[in-house]
Amino acid sequence: MKVIEHLNTNKGKTLFSFELIPPLKGESIQSIFDAMNPLMEFNPPFVDVTYHREEYVYKIREGGLLERKVTRKRPGTVGICAAIMNRYQVDAVPHIICGGFSKEETENALIDLSFLGIENVLALRGDAVKSEGSFIPEKDGHNYAVDLIGQIVDMNKGDYIDDDLPHPIPTNFCIGVAGYPEKHFEAPNLNSDMNALKAKVDAGAEYIVTQMFFDNAKYFEFVEKCREFGINVPIIPGLKPFTTKKQLSVLPRIFHIDIPDDLVTAVSACKDNKAVVEVGIEWAVQQSKELMKKDVPCLHYYTMGRSRATEKIAAQLF
Ligand SMILES: NC(=O)C1=CN([C@@H]2O[C@H](COP(=O)(O)OP(=O)(O)OC[C@H]3O[C@@H](n4cnc5c(N)ncnc54)[C@H](O)[C@@H]3O)[C@@H](O)[C@H]2O)C=CC1
Ligand SMILES: Nc1nc(=O)c2c([nH]1)NC[C@@H]1CN(c3ccc(C(=O)N[C@@H](CCC(=O)O)C(=O)O)cc3)CN21
Numbered sequence: 004m005k006v007i008e009h010l011n012t013n014k015g016k017t018l019f020s021f022e023l024i025p026p027l028k029g030e031s032i033q034s035i036f037d038a039m040n041p042l043m044e045f046n047p048p049f050v051d052v053t054y055h056r057e058e059y060v061y062k063i064r065e066g067g068l069l070e071r072k073v074t075r076k077r078p079g080t081v082g083i084c085a086a087i088m089n090r091y092q093v094d095a096v097p098h099i100i101c102g103g104f105s106k107e108e109t110e111n112a113l114i115d116l117s118f119l120g121i122e123n124v125l126a127l128r129g130d131a132v133k134s135e136g137s138f139i140p141e142k143d144g145h146n147y148a149v150d151l152i153g154q155i156v157d158m159n160k161g162d163y164i165d166d167d168l169p170h171p172i173p174t175n176f177c178i179g180v181a182g183y184p185e186k187h188f189e190a191p192n193l194n195s196d197m198n199a200l201k202a203k204v205d206a207g208a209e210y211i212v213t214q215m216f217f218d219n220a221k222y223f224e225f226v227e228k229c230r231e232f233g234i235n236v237p238i239i240p241g242l243k244p245f246t247t248k249k250q251l252s253v254l255p256r257i258f259h260i261d262i263p264d265d266l267v268t269a270v271s272a273c274k275d276n277k278a279v280v281e282v283g284i285e286w287a288v289q290q291s292k293e294l295m296k297k298d299v300p301c302l303h304y305y306t307m308g309r310s311r312a313t314e315k316i317a318a319q320l321f
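Under our numbering, the first residue of the sequence shown is numbered 4, with each subsequent residue one higher.
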């Protein structure tokens with residue numbers, strides 16, 4: 004079933020969903036099941052699986068020469084989606100990114116997903132390669148998420164880029180996109196980021212999932228701003244439970260978000276990360292309760308394979 008159908012048929016009740024990161028190459032699918040099992044009792048109608056692009060690693064060869072190798076440390080998004088749909092009563096939402104894909108490779112990936120009965124994708128531009136400063140599109144790949152959405156919508160109409168196909172069958176994907184309550188870091192200002200978001204929705208995105216935020220006011224202002232811009236699709240808040248002291252500096256650096264004063268004070272006062280986990284749970288529960296009161300369609304937790312904190316949060320809410 005499509006995410007938008009889940010959101011529409013559950014009017015009035017906030018749904019629970021979460022996001023997984025594929026295990027490192029060499030690990031087994033069991034680590035995914037271990038991360039999911041404790042969360043399945045809260046009946047998530049869908050689960051997101053992130054996509055991780057290639058990275059460059061440098062190996063020292065004889066004579067001290069450096070050899071650059073292209074590697075993917077976390078492959079498996081498509082396989083994991085098929086495995087979890089097969090094992091649990093849940094819809095998988097693979098993340099599809101522009102980076103590292105030509106249009107033909109994107110078409111082939113979407114064909115695989117369609118064959119597997121996967122009806123949902125989150126369409127993203129994707130991050131820059133770790134060792135590169137900024138996002139560089141693939142030769143013959145997409146530049147922005149909006150262009151990727153165009154290709155998916157075309158396929159949903161039976162319009163494949165391979166124009167030699169005699170009777171191409173339309174795919175049937177529900178498309179979600181990312182939204183940034185605190186602005187995407189590359190956008191020159193909030194208005195231009197809002198225009199980019201509006202373009203994604205106008206191109207065919209049916210719902211938005213937000214970047215993590217720790218101050219609900221940011222989400223409420225964002226939703227209001229979206230409505231002013233004529234963006235009328237459901238906006239699912241994304242929440243990340245705080246679990247380590249290091250995240251005080253890591254999260255703002257990676258995700259370009261602010262941590263509210265009270266949370267900084269509470270985390271800083273913790274004597275160890277065990278105490279931080281408790282603070283993180285309490286903060287996320289308070290955020291979730293307030294969001295639920297405002298009838299958000301779904302609460303989406305960035306568990307990234309570490310389910311303990313999210314399990315404790317969900318137990319208090321769902
Ligand atoms: N790998 C994953 O699973 C996930 C990745 N992300 C991350 O989200 C970030 C960006 O992805 P999206 O939001 O999908 O990208 P996007 O293509 O919607 O936007 C990227 C940036 O380009 C700007 N922009 C968009 N269209 C434009 C246009 N036509 N002209 C000029 N500027 C334009 C936006 O304002 C934004 O600053 C990445 O950092 C991505 O990796 C987010 C969620 C999950
Ligand atoms: N820019 C961006 N890229 C993403 O891949 C991404 C977003 N934003 N926002 C939404 C989700 C959330 N994602 C993630 C991905 C990884 C962690 C994670 O593992 N964080 C570690 C720190 C990572 C590090 O130290 O490199 C943590 O401790 O929380 C969290 C959320 C993936 N998604």
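Just so it is clear, CB atoms sit at the ideal spot from N, CA and C, and this is done for glycine as well.
The stretch 178-189 in contact with the stretch 221-237 per 3-pair CB rule at 8 Å: Three or more Cβ pairs closer than 8 Å define a contact, and the stretch 178-189 meets that threshold against the stretch 221-237.
Length of the line joining the Cα atoms of residue 103 and residue 41: As a working mapping, residue 103 is identified with position 100 in the sequence shown. As a working mapping, residue 41 is identified with position 38 in the sequence shown. In a straight line, the C-alpha of residue 103 is about 34 Å away from that of residue 41.
Residue 128 Cβ short of 6 Å to ligand 1 heavy atom set: Here residue 128 refers to the residue found at position 125 of the sequence shown. Ligand 1 has a heavy atom closer than 6 Å to the beta-carbon of residue 128.
Cβ contact check for the stretch 64-72 and the stretch 95-102: 3 or more pairs under 8 Å: These segments do not touch.
Cβ separation of residue 173 and residue 239, assumed to be a contact under 8 Å, to the nearest whole Å: Against the sequence shown, residue 173 aligns to sequence position 170. Against the sequence shown, residue 239 aligns to sequence position 236. Incorrect: roughly 26 Å between the Cβ atoms, too far for contact.
Contact belief for residue 268 with residue 21 at Cβ below 8 Å, rounded distance in angstroms: Sequence index remark: in the sequence shown, residue 268 carries index 265 (1-based). Sequence index remark: in the sequence shown, residue 21 carries index 18 (1-based). Contact annotation, residue 268 with residue 21: C-beta distance approximately 28 Å; criterion of less than 8 Å not satisfied.
Contact test: residue 163 Cβ vs ligand 2 heavy atom, cutoff 6 Å: Taking the sequence shown and counting its residues from 1, the one referred to as residue 163 is at position 160. No, the Cβ of residue 163 stays beyond 6 Å of every heavy atom of ligand 2.
Minimum length 4: unbroken alpha helix (DSSP H) runs contained in the stretch 175-251: Within the stretch 175-251, the complete alpha helix (DSSP H) runs of at least 4 residues are 193-206, 219-231.
Runs of beta strand (DSSP E) wholly within the stretch 57-116 (minimum 3 residues, chain order): Correct list: 58-63, 69-74, 94-100.
Bridge-paired residues (DSSP) for residue 304: For the purposes of this step, residue 304 is identified with residue 301 of the sequence shown, where counting begins at 1. Residue 304 is bridged by DSSP to 21, 242.
Reference residue 320; option with closest CA among 47, 216, 221: Looking up residue 320 in the sequence shown gives position 317. Of the listed residues, the one whose Cα sits closest to residue 320 is 47.
Terminal residues of the beta strand (DSSP E) in which residue 276 lies: Within the sequence shown, the letter at position 273 stands for residue 276. No beta strand (DSSP E) contains residue 276, which is instead part of the alpha helix (DSSP H) from 276-296.
Cβ-Cβ distance between residue 152 and residue 126 below 7 Å: Counting from 1 along the sequence shown, the entry for residue 152 is found at position 149. Counting from 1 along the sequence shown, the entry for residue 126 is found at position 123. In this structure, residue 126 lies closer than 7 Å to residue 152 by Cβ.
Segment contact, 8 Å Cβ cut-off, at least three pairs: the stretch 192-200 with the stretch 122-138: No, the stretch 192-200 does not touch the stretch 122-138.
Near ligand 1: residue 209 beta-carbon under 6 Å from a heavy atom: Translated into positions along the sequence shown, residue 209 becomes position 206. Residue 209: no, Cβ never under 6 Å from ligand 1.
Any non-hydrogen atom of ligand 2 closer than 6 Å to residue 54 Cβ: As a first step, residue 54 must be located in the sequence shown, where it is residue number 51. For ligand 2, no non-hydrogen atom lies closer than 6 Å to the CB of residue 54.
Residues of its chain near residue 144, where Cβ-Cβ distance is below 7 Å and the 5 sequence neighbours each way are ignored: What you label residue 144 is simply residue 141 of the sequence shown in a count that begins at 1. So the qualifying residues of the chain are 101, 104, 105, 106.
Contained beta strand (DSSP E) runs [length at least 3] in the stretch 112-156, N- to C-terminal order: The DSSP assignment places complete beta strand (DSSP E) segments of no fewer than 3 residues inside the stretch 112-156 at 123-127, in order along the chain.
Proximity below 7 Å, CB of residue 35 to CB of residue 124: Taking the sequence shown and counting its residues from 1, the one referred to as residue 35 is at position 32. Taking the sequence shown and counting its residues from 1, the one referred to as residue 124 is at position 121. No, the pair does not count as a contact, with Cβ atoms beyond the cut-off.
Same chain, Cβ closer than 6 Å to residue 84, five either side skipped, listed in chain order: Along the sequence shown, read from residue 1 onward, the residue named residue 84 stands at position 81. Excluding sequence neighbours, residue 84 sits near 52, 95, 97, 121.
Beta-bridge partners of residue 50, as assigned by DSSP: Along the sequence shown, one-based indexing puts residue 50 at 47. DSSP output for residue 50 lists 21, 95 as bridge partner(s).
Cβ-heavy atom distance, residue 253 to ligand 2, below 6 Å: In the sequence shown, counting from the first residue as 1, residue 253 sits at position 250. Yes, since a heavy atom of ligand 2 falls inside the 6 Å radius drawn around the Cβ of residue 253.
Near ligand 2: residue 305 beta-carbon under 6 Å from a heavy atom: On the sequence shown, residue 305 is found 302 positions in, with the first residue counted as 1. At least one heavy atom of ligand 2 is found less than 6 Å from the C-beta of residue 305.
Beta-carbon proximity check, residue 254 vs residue 287, cutoff 7 Å: Numbered from its first residue, the sequence shown carries residue 254 at position 251. Numbered from its first residue, the sequence shown carries residue 287 at position 284. In this structure, residue 287 does not lie closer than 7 Å to residue 254 by Cβ.
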